[in-house]
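Numbered according to mature numbering (1 follows the signal peptide of the UniProt record, and there is no 0), the sequence shown spans residues -28 to -1, 1 to 423. Here a beta-carbon is modelled for each residue, glycine too, at the ideal position from N, C-alpha and C. Bear in mind the structure is a predicted one, so any value in this text is a computation, not a measurement. In what follows, a single structure is set out as structure tokens and then discussed.
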Amino acid sequence: MFAKTARTALLLTASSALMMTATSTASAATAQDLVKLNQANFAKNACSTNSHGEVGFYSSCTGAGGSPEAWCADYAKWLWAKTGAQVDGLTPAAGSFFLYGQNKGTLHTDKSYVPKVGDAVVFNYLGGGRADHVGVVVQVYADRTIQVTNGNFGGSNAATSTVSYSKGYGQVGSSIFGQTISAFVSPVGLEQDVPAPPTPRVLAVQNGVLYAQEGGPQTSWTSLTENVKAYKATSDRIGVINQNDQLLVKEGGLKAEWKKIADDVVDFDLDGDVVGVLQPGNVLHTKTGSLDAKWHTTNGVTAFDLDTNRVGVTTTDGKFMVQEGSLDASWQHLTEGVSSFDLDGGRIGVLRGSKLSVKDGGLKERWYDTDGISRFSVSGNRILAEHNGKLVLQEDGPQSTWKTVANGPIGDFEVSGDRIGMIQNGSLYLKTGAYDGPWYQTSNVSGFDLS
């Protein structure tokens, strides 16, 4: 959905290191192990104690004459090594991953290659083993969008930068936050056990009935329920607030049973396996994992948004704060006076008046501002916004050019991966891929949500 507002509407209206040799184990490490390892080290910095009890990641803390070095390659190598992949030939240089791929026969520079979880992503390869950055793929979505974990991400000082996410289209030649993907490199020795990406979903309300569509914009719609106050879809879950202010969630297929998660729900959000509900009295409850997991409670919250390992909130005293890592982590104060906000794929956007401010990567990164924005939606390296009555899109970095997607009047709108949706004159318009691609229309739709 588009950015959360402080007064949330319930119903949507429209670089050398020691070589490591992996020891043999009873079962080979897998891509899922790598994902879990990354989650355990998310938001750590160059000199943090990692989840294995060591300081930093290889020479991340001391490689620059006793001080932290540019450690993106250190972290990527560490993830591979700790999950059993071969890491011989890898150094603190990001470009060493490109050479690794050449030597091992796992270098992918063709645009047709679809990345896999665990692949290294080499950005701006300059030749001679030199590159600007390297990260590791930790999730691949059905629309080929990828989530990348990064050490020393976003141009931060090496001493203060953290493990952070980025998100964008997973194809050689595409850009993520201003850096061009030169190659994907698959690790040798890491088994793939990640299920195929789920089919993208769309929810839409038509004549009071909530429908779901799986697959492309020309596939059929399935009726789910009716008379709901709010709704949200992810790749594996669908949630609704019913007329009794109960949050109901179904998990798995569209025909799965609804399960009551909470009562007295004012607002809710779903992201991956995280659930959040806002209850009367400005009380936020969040949980991760199974639907029966315990709640974590935060008071004084007026609005919130979930993004993988982050929760963003506005508070009763006017602050915008973000929690990063676990759901019991401390809250970081980022700014004030925020009317709406959106978090996705390592990017944070806030609206203060008509000024949109966006930051990528770590919480201490700088803000980039755009004036004249009334509403916006963030997804990976894309920002969709309303500017002077037009629907405009910014792809790649927050200083790139805005492109017109549609002229007004514009109702609700949302961007999710390579999909764009909007309500205009009572119809839902969807497009996939390029911003200037064709629209697919569904008539008589009052609101929608993209997974």
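Span of the beta strand (DSSP E), counted from its first residue to its last, around residue i
{"i": "Trp267", "result": "First-last for Trp267: undefined, no H or E at that position."}
{"i": "Phe29", "result": "Note, Phe29: premise wrong, no beta strand (DSSP E); not H, not E."}
{"i": "Gln111", "result": "Arg102 to Val112"}
{"i": "Ser329", "result": "Lys327 to Asp332"}
DSSP state of residue i mapped onto helix, strand, coil
{"i": "Gly419", "result": "strand"}
{"i": "Phe313", "result": "strand"}
{"i": "Thr(-8)", "result": "With a pLDDT of 33 at Thr(-8), under the threshold of 50, the modelled position of that residue is not reliable, and the figure given next carries that caveat. The answer is coil: DSSP assigns Thr(-8) none of H, G, I, E or B."}
{"i": "Lys403", "result": "strand"}
{"i": "Pro40", "result": "coil"}
{"i": "Leu306", "result": "strand"}
{"i": "Asp217", "result": "coil"}
{"i": "Thr287", "result": "strand"}
{"i": "Trp374", "result": "strand"}
{"i": "Ile345", "result": "strand"}
{"i": "Lys(-25)", "result": "Unreliable placement is indicated for Lys(-25), whose pLDDT of 48 sits below 50; the coordinate value is still reported in the next sentence. Note: Lys(-25) maps to strand in three-state DSSP."}
{"i": "Ile392", "result": "strand"}
{"i": "Tyr85", "result": "coil"}
{"i": "Arg338", "result": "coil"}
{"i": "Gly352", "result": "coil"}
{"i": "Arg116", "result": "coil"}
{"i": "Ala(-3)", "result": "Residue placement at Ala(-3) cannot be trusted, given a pLDDT of 39 that sits under 50; what the coordinates show is reported in the next sentence. The answer is coil: DSSP assigns Ala(-3) none of H, G, I, E or B."}
{"i": "Gly369", "result": "coil"}
{"i": "Pro381", "result": "coil"}
Span of the alpha helix (DSSP H) around residue i
{"i": "Gly73", "result": "Ser68 to Lys76"}
{"i": "Tyr47", "result": "Cys44 to Lys54"}
{"i": "Gln190", "result": "No alpha helix (DSSP H) holds Gln190; DSSP gives it neither H nor E."}
{"i": "Ala3", "result": "Ala3 to Asn13"}
Reference residue i, options the options, closest by Cα
{"i": "Ser372", "options": "Leu226, Thr307 and Val330", "result": "Val330"}
{"i": "Ala15", "options": "Val364, Ser346, Ala301 and Tyr412", "result": "Ala301"}
{"i": "Gly99", "options": "Ala92, Gly107, Ala66 and Ala36", "result": "Ala66"}
{"i": "Ala155", "options": "Glu186, Cys19 and Asp82", "result": "Asp82"}
{"i": "Lys227", "options": "Lys266, Glu186, Gln218 and Asn214", "result": "Glu186"}
{"i": "Asp235", "options": "Leu220, Leu328, Gly224 and Gly225", "result": "Leu220"}
{"i": "Ala(-1)", "options": "Gly77, Asn10, Val135 and Val160", "result": "Val160"}
{"i": "Leu335", "options": "Val322, Ser346 and Lys327", "result": "Val322"}
{"i": "Gly398", "options": "Asp384, Ile392, Arg391 and Thr78", "result": "Asp384"}
{"i": "Thr171", "options": "Ala184, Gly380, Gln151 and His268", "result": "Ala184"}
{"i": "Leu299", "options": "Asn281, Ala205, Asp46 and Val237", "result": "Asn281"}
{"i": "Pro381", "options": "Ile395, Gly369, Trp374 and Asp368", "result": "Ile395"}
{"i": "Asn75", "options": "Ser158, Thr376, Asp115 and Thr206", "result": "Ser158"}
{"i": "Arg354", "options": "Pro370, Asp245 and Asp341", "result": "Pro370"}
{"i": "Cys33", "options": "Thr132, Ala357 and Lys204", "result": "Thr132"}
8 angstroms contact criterion, which residue i and residue j should meet: CB distance rounded
{"i": "Ile118", "j": "Gly140", "result": "7 angstroms"}
{"i": "Tyr137", "j": "Gly318", "result": "4 angstroms"}
{"i": "Asp316", "j": "Ser351", "result": "5 angstroms"}
{"i": "Thr274", "j": "Thr287", "result": "6 angstroms"}
{"i": "Val177", "j": "Val417", "result": "7 angstroms"}
{"i": "Tyr412", "j": "Pro189", "result": "4 angstroms"}
C-beta atoms of residue i and residue j nearer than 7 angstroms
{"i": "Leu62", "j": "Leu6", "result": "no"}
{"i": "Ser423", "j": "Arg173", "result": "yes"}
{"i": "Val200", "j": "Val181", "result": "no"}
{"i": "Pro40", "j": "Ala130", "result": "yes"}
{"i": "Glu229", "j": "Arg209", "result": "no"}
{"i": "Pro169", "j": "Tyr85", "result": "no"}
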